[in-house]
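Every letter in the sequence shown is one number past the one before it in the numbering used here, and letter 87, counting from 1, is 645. We treat Cβ as the ideally placed atom computed from N, Cα and C, and that holds for glycine. Down below is the structure, laid out as structure tokens.
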Amino acid sequence: MHTLLTKAASVAVCFGILLSSSATAVAGTKSVMRDVQLTPNGTLHGQVYSSDGKPVSNAAVELQFQGKSVARAATSANGHFAIEGVRGGVHQVNVGNLATPVRLWKDGTAPAGALTGLVVA
């Protein structure tokens, strides 16, 4: 009887580990780091769209560096925003509850395939 309970407990523990790993993998989706080239004067350009593909006007856009807010902007009527005087490095762009990690590059230093503007949707 003792062996049967021990086996049942072992199976229950293993099953619990499998379930918790699956839940973490689904809930723990990660945003992809995007390489974005700044303009010659250090401006980050972007556009914000709603989930149905329409530009979002007057959306609050926040740029963070090392967890601290370094700049804010609001989108225009067509969803565009521009944040001037930005330095290169790893940042995060926040729009509402969306957080997008970006690696910003000075003009002329970005790797091939880098974006010239950021789209947040």
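Cross-strand partners of residue i (DSSP beta bridge)
i, result
"Glu642", "The partner list for Glu642 (beta bridge, DSSP) is empty, contrary to what the question assumes."
"Gly604", "Phe639 and Leu676"
"Gly647", "Leu662"
"Pro598", "Note: Pro598 sits in no beta bridge, so no partner."
"Ala618", "Ala632"
CB contact flag (residue i, residue j, <9 Å)
i, j, result
"Leu656", "Val594", "no"
"Val651", "Gly611", "no"
"Phe639", "Ala631", "yes"
"Gly637", "Val606", "yes"
"Ile641", "Leu673", "no"
"Gly643", "Trp663", "no"
The ligand SAM heavy atom lying under 8 Å from the CB of residue i
i, result
"Gly647", "Of ligands this structure carries none, so the ligand SAM is not represented either."
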